[in-house]
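Report on the following structure.
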Ligand code: PRP
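Spelled out as structure tokens, the structure:
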């Protein structure tokens, strides 16, 4: 249950560890219409760039699954889809910068046009690692698309080929992005305050 006033949303959240509810305030950053428009623009640009070629979309679980589903349905070139799951070593929110693949692709990328699909780039560690790993498997081409980018948080140099929205250093949820696995299903993108 929650209330909404303009861009401000308040949601009751159950904290299972503490067995109590807490009121969470969120501010809408991008609504579903705005996201749909942006995804359509990205899909158009990507389809033009890959015209006449089949693209293998590689989604990074879990955050990218909604973006990838919408992007794929707006693309006009033939696509195939596969997913990887990555985990970073280290504890808490501070990543050690070391990443490993916990669920690999089921498709070979060799000789294919591959587009890595990511929900958000933060430090850049995840995408840089996956890019390097997939490049070594000799795809015909390898590009990246991220719906959101937080350039101010970068710890390693990485620039995606296609970016939806560049944002400030906010903690964002919705449209695939989570807070303790919650809120991935919100149709818009919200800043948790
Ligand atoms: C988030 C996000 C990216 C990654 C970006 O994934 O979905 O994959 O972090 O961070 P980086 O640029 O600092 O490497 P997360 O580990 O939260 O997993 P999830 O997608 O399953 O939510």
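Numbering (the working numbering), first residue to last: 453 to 645.
For each residue, glycine too, the CB sits at the ideal point set by N, CA and C.
Here the structure is a predicted model, which means the values were calculated and not measured.
Would you kindly check if the distance between the Cβ of residue 481 and the Cβ of residue 642 is under 8 Å? With respect to residue 481, residue 642 sits close: the two C-beta atoms are nearer than 8 Å.
For residue 589, I'd like the list of residues in its chain whose CB is within less than 8 Å of its CB, leaving aside the five on either flank, ordered along the chain. Residues of the same chain with a CB within less than 8 Å of the CB of residue 589, apart from the 5 flanking positions on each side, are 560, 561 and 562 in chain order.
The ligand PRP and residue 567: does any heavy atom of the ligand fall closer than 7 Å to the residue's C-beta? Residue 567 Cβ: outside cutoff for every heavy atom of the ligand PRP.
Output needed for residue 614: all residues of its chain with C-beta closer than 8 Å, excluding positions within five of it in sequence on either side, in chain order. So the qualifying residues of the chain are 494, 497, 498, 595, 596, 597 and 598.
Sorted by chain position, which residues of the same chain lie with C-beta nearer than 6 Å to residue 523's C-beta, five sequence neighbours on each side aside? So the qualifying residues of the chain are 491 and 495.
So within the region 484–556, which uninterrupted alpha helix (DSSP H) runs reach at least 4 residues, ignoring any that extend past its ends? Qualifying alpha helix (DSSP H) stretches, in chain order: 484–501 and 517–526.
Closer than 7 Å to a non-hydrogen atom of the ligand GDP - does that hold for the CB of residue 513? The model depicted lacks the ligand GDP and carries the ligand PRP instead.
Distance, Cα to Cα, residue 636 vs residue 478? Going from the Cα of residue 636 to the Cα of residue 478 covers about 14 Å.
Inter-residue CB distance, residue 536 and residue 512 (contact presumed, cutoff 8 Å): At roughly 6 Å, the Cβ-Cβ gap stays under 8 Å, so residue 536 and residue 512 are in contact.
Shorter than 8 Å from the beta carbon of residue 561 to some beta carbon of chain C? Annotation note: the requested chain C is absent from the structure, which comprises a single protein chain.
Does the beta-carbon of residue 467 have 16 or more other beta-carbons within 10 angstroms, so that it is buried, or is it exposed? Residue 467 should be labelled exposed.
Exposure label - residue 504; buried when at least 16 CB within 10 Å: The C-beta of residue 504 has fewer than 16 other C-beta atoms within 10 Å across all chains shown, which makes the residue exposed.
Go ahead and label residue 571 buried or exposed: buried means 16 or more other beta carbons lie within 10 angstroms of its beta carbon, across all protein chains shown. It is buried - the Cβ of residue 571 has at least 16 other Cβ atoms within 10 Å.
Can you list, in chain order, the residues of its chain whose CB lies under 7 Å from that of residue 608, leaving out five sequence neighbours each side? The beta carbon of residue 608 sits closer than 7 Å to the beta carbons of 575, 576, 577 and 580 from its chain, once the five residues preceding and following it are set aside; these are given in chain order.
The ligand PRP and residue 522: does any heavy atom of the ligand fall closer than 7 Å to the residue's C-beta? Residue 522 has its CB no nearer than 7 Å to any heavy atom of the ligand PRP.
Cut-off 6 Å between Cβ atoms - residues of its own chain near residue 508, not counting five sequence neighbours on either side: If we look at residue 508 and ignore the five residues flanking it on each side, its Cβ neighbours are 532, 564 and 566.
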